[in-house]
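Numbering (our numbering), first residue to last: 358 to 524.
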């Protein structure tokens, strides 16, 4: 009986690794949304990824954050928005990672702007920026997962935590 249990567990473990592939695949779509960490307010973000190859996805993301503060008796506010396009390589196939996990890294290119209460009547455009991201997801069901991502460059948040849903 012990040999049967050990054999069963071994086959189960090997089959889970043999099925390693990117959770999104070549035609999959998913929506991502959540909150971020920043030194100026709490960013919110939402976006969508499209699988274009078994290990590659492209997508877009919209983000926003605002911050209010008081200084020497005056109230001030600042808001920041971002629109980025992104591409990611998913390492599941390369590292034989089970399908309910997703480890990825990629590049993003975005535009950013910000507004403040300096009373000049203009919102400021910050320009175009290139950035990097690295992250991971754990799918706790066939459609839903949690994600954690760290980014730099053209992102409104340096770290993001949220949900992903396959559609």
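We treat Cβ as the ideally placed atom computed from N, Cα and C, and that holds for glycine. Fair warning: this is a prediction, and the values are worked out from it, not measured in the lab.
Exercise. Could you check what DSSP says for residue 366 in three-state terms: helix, strand or coil?
Key: Walking along the chain shown from the start, residue 366 turns up at place 9. Bear in mind that a pLDDT of 39 at residue 366, under 50, signals an unreliable position, so the number given afterwards is only what the model happens to contain. Correct three-state label for residue 366: helix.
Quiz prompt | As assigned by DSSP and simplified to three states, the class of residue 457 | solution = Position 100 of the chain shown, counted from the start, is the residue given in the question as residue 457. Residue state, collapsed to three classes: coil.
Quiz item: Are three or more beta carbon pairs between the segment 512-521 and the segment 391-410 nearer than 8 Å?
Solution: yes
Exercise. Given a cut-off of 7 Å, decide if residue 461 and residue 447 are closer than it, judged by their beta-carbon atoms.
Key: Position 90 of the chain shown, counted from the first residue, corresponds to residue 447. Position 104 of the chain shown, counted from the first residue, corresponds to residue 461. Cβ atoms of residue 447 and residue 461: closer than 7 Å.
Quiz item: Can you tell which of 503, 387 and 471 has its C-alpha closest to the C-alpha of residue 436?
Solution: Against the chain shown, residue 436 aligns to sequence position 79. Answer by Cα proximity: 471.
Quiz item: Which residues bound the alpha helix (DSSP H) around residue 452?
Solution: Position 95 of the chain shown, counting from 1, holds the residue named residue 452. Residues 449-452.
Self-check item: Closest Cα partner of residue 449 within the set 410, 417 and 386
Solution: Counted from its first residue, the chain shown places residue 449 at position 92. With distances taken between Cα atoms, residue 449 lies closest to 410.
Quiz item: Which class does residue 412 belong to by DSSP, given the choice of helix, strand or coil?
Solution: On the chain shown, position 55 is the one that residue 412 refers to. Three-state DSSP puts residue 412 in coil, outside helix and strand.
Quiz item: Closest by CA to residue 444, which one among 469, 488, 453 and 468?
Solution: By one-based count along the chain shown, residue 444 stands at place 87. Residue 444 has its Cα closest to that of 488, out of 469, 488, 453 and 468.
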